[in-house]
Amino acid sequence: MNAEAQLQMVACRLVALSVQYDDAALRADRWDDAYEVRANADWYATDEPQAWMVQLTLRLKPKPGTVARFTRANISVQGRFVVSVGPPDQQVTQLLVYNAPAMLHGLARGVLAQVTGLCVGGPLILPAVNYLQLFKRYIGRLKRQGKKEVSQAQGSHP
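For what it's worth, the numbering used here labels the leading residue of the sequence shown as 390, then goes sequentially.
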């Protein structure tokens, strides 16, 4: 039995980070810290047939009608992923398109928590995101373009 992971993040980096604190929230009796999250992912092939760059961008804003400590938070992280399941095929597409953004989500969550950890009220914890919806949108776009696999696509694919 091969214990090697089929998808590995071999490198990662923070691309951009912007967090804006709402000073007015300090005067509120309480705050909800309920946020809407907009996620976008970009997949890029590299010169290596089994390696891919994936960038995840998350934009947070308070849900309507809530009092939140932050008026916005935007973070973009990038990872280099290696797939060990053979040549690009449907399995590679599923591994990359669904799992890579979910793995990068954990990285983004940790960065946001660390950066905001000393703020009044404690760290901003990145809410969960349904990456299955992102995956379905991306696969739908591939099909509309007449492509079956991520290996046939280049560039940005929200």
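For glycine and all other residues, C-beta sits at the position ideal for the given N, C-alpha and C. Just so it is clear, the structure is predicted and the values come from calculations on it, not from any experiment.
Looking only at its chain, what residues have a beta carbon closer than 6 angstroms to the beta carbon of residue i, apart from the 5 residues adjacent to it on each side?
i, result
"R461", "Q409, K450"
"G510", "R458"
"S465", "V404, A405, T446"
"R448", "R427, N463"
"Q444", "D431, Q467"
"T455", "D421, A423"
"S407", "N463"
"Q439", "V471, V472"
"A552", "It is not possible to answer for residue 552, since the shown part of the chain is limited to 390 through 547."
"G398", "Note on residue identity: the sequence assigns Met, not Gly, to residue 398. Excluding positions up to five away in sequence, the list reads G468, F470, M492."
"G506", "P512"
"Q480", "V474"
Output needed for residue i: all residues of its chain with C-beta closer than 7 angstroms, excluding positions within five of it in sequence on either side, in chain order.
i, result
"Q541", "Its pLDDT being 48, under 50, Q541 is placed unreliably by the model, and nothing is read from it."
"M442", "Y433, T435, Q467, R469"
"D411", "A457, R458, F459, T460"
Tell me, to the nearest whole angstrom, how far the beta carbon of residue i is from that of residue j; I am working on the premise that it is less than 8 angstroms.
i, j, result
"L496", "L513", "Their Cβ separation, rounded to whole angstroms, is 15 angstroms, which puts L496 and L513 out of contact at 8 angstroms."
"L515", "R498", "4 angstroms"
Going by beta carbon distance, what residues of the same chain come within less than 8 angstroms of residue i, once the five residues before and after it are set aside?
i, result
"L484", "Q395, L396, V472, V474"
As a quick exercise: from the options, pick the residue whose alpha carbon is nearest that of residue i.
i, options, result
"L523", "G499, A517, L515, N429", "N429"
"E425", "N519, I528, K525", "N519"
"A400", "T482, K525, L493", "L493"
"R526", "V486, E437, L415, Q480", "V486"
"L415", "A517, I528, C508", "C508"
"T482", "Q503, R419, K532, V504", "K532"
>> Runs of 3 residues minimum, wholly inside the stretch 469 to 515: which ones carry the beta strand (DSSP E) assignment?
In response: none
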